[in-house]
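*Asks:*
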Ligand code: GLA
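In our numbering, the protein residues as written are 573 to 1269.
1. Once DSSP output is grouped into helix, strand and coil, what is the label at residue 1102?
2. Can you tell me whether residue 1207 is helix, strand or coil according to DSSP?
3. State the Cα-Cα distance for the pair residue 1198 and residue 985, rounded to the nearest angstrom.
4. Evaluate the contact criterion for the stretch 1172-1191 versus the stretch 1199-1213: three or more CB pairs, one atom per stretch, below 8 Å.
5. Would you mind stating whether residue 1240 and residue 764 have Cβ atoms separated by less than 8 Å?
6. Below 8 Å between beta carbons: does that hold for residue 1200 and residue 1011?
7. Expressed to the nearest angstrom, what Euclidean distance is found between the alpha-carbon atoms of residue 999 and residue 930?
8. Grouping DSSP H, G and I as helix and E and B as strand, with all else coil, what is residue 1097?
9. Verify the CB distance criterion: does residue 1211 have a CB-CB separation below 8 Å to chain C?
10. Output the distance between the C-alpha atoms of residue 624 and residue 667, rounded to the nearest integer angstrom.
11. In whole angstroms, give me the CA-to-CA distance for residue 752 and residue 1152.
12. Measuring CB atoms only, is the stretch 1119-1130 touching the stretch 1017-1035, in the sense that at least three cross pairs come out at less than 8 Å?
13. Can the beta-carbon of residue 762 be found closer than 8 Å to that of residue 797?
14. Just to check, is the beta-carbon of residue 922 closer than 7 Å to a non-hydrogen atom of the ligand GLA?
15. Using only alpha-carbon positions, find the residue among 1032, 1251 and 1065 that is nearest to residue 1046.
16. Helix, strand or coil: which one does DSSP assign to residue 954?
17. Just verifying my parser: in three-state terms, what is the DSSP assignment at residue 1258?
18. Can you tell me whether residue 1256 is buried or exposed? The criterion is at least 16 other CB atoms within 10 Å of its CB, across all chains shown.
19. Buried or exposed: where does residue 1140 fall if 16 or more other Cβ atoms within 10 Å of its Cβ makes it buried?
20. Determine the extent of the beta strand (DSSP E) in which residue 1069 is found, giving its start and end residues.
21. Taking 8 Å as the threshold, find out whether the stretch 1221-1232 comes into contact with the stretch 948-955 through three or more Cβ pairs.
22. When you compare each of 692, 731 and 815 to residue 711 by their alpha carbons, which one comes out closest?
23. My assumption, with CB atoms under 8 Å, is that residue 1077 sits in contact with residue 925. Please give the rounded CB distance.
24. Mind checking which residues open and close the alpha helix (DSSP H) that includes residue 663?
25. Considering only the beta carbon of each residue, do residue 742 and residue 807 sit closer than 8 Å?
26. Note down, in chain order, each residue of its chain lying with its Cβ closer than 7 Å to the Cβ of residue 1267, except the 5 sequence neighbours on either side.
27. Measuring CB to CB, does residue 1259 end up less than 8 Å from residue 858?
28. Leaving aside the five residues before and after residue 967 along the sequence, list all residues of the same chain whose C-beta is less than 7 Å from its C-beta, in chain order.
29. In angstroms with no decimal places, state the Cα-to-Cα distance between residue 795 and residue 832.
30. Can you give, in chain order, each stretch of the beta strand (DSSP E) that sits fully within the stretch 619-678 and has at least 3 residues?
31. Would DSSP call residue 830 helix, strand or coil?
32. With 16 as the cutoff for other CB atoms within 10 Å, does residue 736 come out buried or exposed?
33. Can you tell me whether residue 1251 is buried or exposed? The criterion is at least 16 other CB atoms within 10 Å of its CB, across all chains shown.
34. Is residue 943 near residue 913, with beta carbons less than 8 Å apart?
35. Between the Cα of residue 1136 and those of 965, 903, 656 and 785, spot the shortest distance and give me the residue it belongs to.
36. Residue 1157 to residue 1148, Cα distance in whole Å?
This is the structure we're talking about:
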């Protein structure tokens, strides 16, 4: 059913559409078709956070026998009880799907990324696929929240073991875990946290990977040290509990001050570039708080990580975690990750490139298949992002500036959205009930989604062409390509670059689909394929017109990275950042989105929060803030020998499955263990030691 609204402004009152949408005078909306039925194969067993974990001292602690014999008995390592914090993080047996585990074995990952180095604090990529997730621990943790009861949702404590709010809600005191140590035995303290905040997150010349800068914790927020294990946040808003989510993966995962500070330009003669590159991928044994430490790197071949002897988490029987002694990362392609996981030569994959679904499903259906494959909800989604900065981000030339002006024109974005045949685009990836029409904004099927607040502009080329004419675009030279208005970029042909990640077939397929759609409108699109390793830096540089982007978790959970749902600060949005003068040139509807998001962050009442997200969704989709493309489910593929994989673990929700499944708790029963460890009975050596792992023999 389609309602052609000849004058949306006139119909606005009737439909409850805000009148600022007067741009959209001749554009059609339609009832959004419901996504095809596709049920997640398993549901989580919903629990409280206190069912999963607690912090407490246990009467005794254990470790693998070989660690005691080779390292402790020989005086190379203190006893396990002395390596653990006063009160370790304890995982409760009742929440471990297969109970207390046993030591040994390896999880063999395959990835398409490549490590640039270990300086996550300065934005280096570790190769994705969960390498960084296994190395760096964060103040809070959100991955496992997929199994936490909805009405008890809040981030799990992690390096921050507890926190209290001041009566007025402007101050948050965080208590850090006491007596925990980095993997090289150096104590973890509030100084590590402060160094990360002051000299990394808040230093404008440094950008931690996945971080949206200090404003992602609220504009004007400060952090100070109280004592060695206490830090104090001060917020402008009262009780902005949302920021606890930003303190999880991506937002606040401190790196070792004792290793990084001597290389930081503020404390050395290094440039910022030298700081960033001070720990190249062949710098072994980089100290971490995570369960595994990188001990071997062979370019284009493999990264191997061994157990962290100082890891600060245990099971209820007092066994120091992780159970798995080794993680391997074969450096290949993302498509190979699916193939190897299905074949059993790899152990894990997030099946997320829809092009390989049919083959993977067919092979996994055999009861003798080595891996199990379980589909979850539709949480993989892509959008076309227009660069909305009109005041200089990325230093655009005349052509690029003319594109920015178009991007900022709502008629233009509505033309783009009307030119996409989403059904066809989805089917071109994979036929069947997987993909759903995605108009942009919050995903159908997620907690804050509201269909009635979702404005859907169906595929309509004629409407798209009319909107382009309205935006002032004409083919003035009759060559089949539209021209910019005469006063912009000399009225030349409209050519637009499209940034996409070359590591993924899906990103490339979608980019090609978009290019074909735009051709029909007379818009010339030039594909700019960038490898995953360089993608983040290119995105952050602002030197792009459009990009195809696999959406972040904020559009699923909303409570995570909430500040990046709109340009709430100069750096918080991935596609609309501040220009040279430090200000963001917000469009009127963006200002409304910012206001709604800020209200959401400050709003304690659940019903009001839900209502604010309806407003957000309406502003987003009505204005085609981004051009939604497709939304589909992912499947987790894990080799059947692994135990303690939680039911219903999604490949992507608050975080990726590598975090969601709580890998430090995953184990392989003795009779199923394979002899695949590359460095059995070894532990990480000294930081920077090129010799890699050490054994005490
Ligand atoms: C990449 C992969 C995802 C996931 C993440 C983890 O982005 O495509 O499936 O493994 O890395 O960071």
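Every residue gets a Cβ at the ideal spot worked out from N, C-alpha and C, and that includes glycine.
*Replies:* In short:
1. For the purposes of this step, residue 1102 is identified with residue 530 of the chain shown, where counting begins at 1. Reduced to three states, the DSSP call for residue 1102 is strand.
2. Here residue 1207 corresponds to residue number 635 of the chain shown, with the count starting at 1. Strand, per DSSP.
3. Locating residue 1198 in the chain shown gives position 626, counting from the first residue. Locating residue 985 in the chain shown gives position 413, counting from the first residue. Rounded to whole angstroms, residue 1198 to residue 985 spans 8 Å at the Cα level.
4. The stretch 1172-1191, when compared against the stretch 1199-1213, does not touch it at the 8 Å Cβ threshold.
5. Within the chain shown, numbered from 1, the residue matching residue 1240 stands at position 668. Within the chain shown, numbered from 1, the residue matching residue 764 stands at position 192. No, these two residues do not count as a Cβ contact at 8 Å.
6. By 1-based counting over the chain shown, the position of residue 1200 is 628. By 1-based counting over the chain shown, the position of residue 1011 is 439. Yes; because the gap between Cβ atoms is below 8 Å, this pair is in contact.
7. One-based indexing of the chain shown puts residue 999 at position 427. One-based indexing of the chain shown puts residue 930 at position 358. Between residue 999 and residue 930, the C-alpha separation is close to 12 Å.
8. Within the chain shown, residue 1097 is the residue found at index 525, counting from 1. Three-state result, residue 1097: strand.
9. Here there is only one protein chain, and chain C is not present.
10. As a position in the chain shown, residue 624 is number 52, starting the count at 1. As a position in the chain shown, residue 667 is number 95, starting the count at 1. If I take the Cα positions, the gap works out to 6 Å.
11. As a working note, residue 752 is residue 180 in the chain shown. As a working note, residue 1152 is residue 580 in the chain shown. CA-CA distance, residue 752 to residue 1152, rounds to 42 Å.
12. yes
13. As a first step, residue 762 must be located in the chain shown, where it is residue number 190. As a first step, residue 797 must be located in the chain shown, where it is residue number 225. Between residue 762 and residue 797, the gap from beta carbon to beta carbon is short of 8 Å.
14. As a working note, residue 922 is residue 350 in the chain shown. Yes.
15. Position 474 of the chain shown holds residue 1046. It is 1065.
16. Your numbering for residue 954 matches position 382 in the chain shown. The DSSP-derived three-state label of residue 954 is strand.
17. Numbered from its first residue, the chain shown carries residue 1258 at position 686. If DSSP states are grouped into helix, strand and coil, residue 1258 belongs with coil.
18. In the chain shown, the residue the question calls residue 1256 occupies position 684. That one is buried.
19. Looking up residue 1140 in the chain shown gives position 568. When all chains shown are included, residue 1140 counts as buried.
20. Here residue 1069 is taken as the residue at index 497 of the chain shown, counted from 1. According to the DSSP assignment, residue 1069 belongs to the beta strand (DSSP E) that extends over 1067-1073.
21. yes
22. Here residue 711 refers to the residue found at position 139 when the chain shown is read from its first residue. With distances taken between Cα atoms, residue 711 lies closest to 731.
23. Position 505 of the chain shown, counting from 1, holds the residue named residue 1077. Position 353 of the chain shown, counting from 1, holds the residue named residue 925. Right, their Cβ atoms sit about 5 Å apart.
24. Here residue 663 corresponds to residue number 91 of the chain shown, with the count starting at 1. Residue 663 -> not in any alpha helix (DSSP H); beta strand (DSSP E) instead, spanning 661-663.
25. Start at 1 with the first residue of the chain shown, and residue 742 comes out as number 170. Start at 1 with the first residue of the chain shown, and residue 807 comes out as number 235. Yes. Within cutoff.
26. Here residue 1267 corresponds to residue number 695 of the chain shown, with the count starting at 1. 642, 1253 and 1254, listed in sequence order.
27. Here residue 1259 is taken as the residue at index 687 of the chain shown, counted from 1. Here residue 858 is taken as the residue at index 286 of the chain shown, counted from 1. Yes, Cβ-Cβ distance for residue 1259 and residue 858 is below 8 Å.
28. Position 395 of the chain shown, counting from 1, holds the residue named residue 967. So no residue of the chain qualifies.
29. Residue mapping note: residue 795 aligns to position 223 of the chain shown, counting from 1. Residue mapping note: residue 832 aligns to position 260 of the chain shown, counting from 1. Going by C-alpha positions, residue 795 is about 20 Å away from residue 832.
30. 625-627 and 661-663
31. Here residue 830 refers to the residue found at position 258 of the chain shown. Looking at residue 830 - three-state DSSP - the assignment turns out to be helix.
32. In the chain shown, counting from the first residue as 1, residue 736 sits at position 164. Flag for residue 736 reads exposed.
33. Reading the chain shown from its first residue, position 679 is the one you call residue 1251. Under this definition residue 1251 is a buried residue.
34. Within the chain shown, numbered from 1, the residue matching residue 943 stands at position 371. Within the chain shown, numbered from 1, the residue matching residue 913 stands at position 341. In this structure, the beta-carbon distance from residue 943 to residue 913 falls below 8 Å.
35. Within the chain shown, residue 1136 is the residue found at index 564, counting from 1. Measuring from the Cα of residue 1136, the nearest candidate turns out to be 785.
36. For the purposes of this step, residue 1157 is identified with residue 585 of the chain shown, where counting begins at 1. For the purposes of this step, residue 1148 is identified with residue 576 of the chain shown, where counting begins at 1. Each residue's Cα considered, the two are about 9 Å apart.
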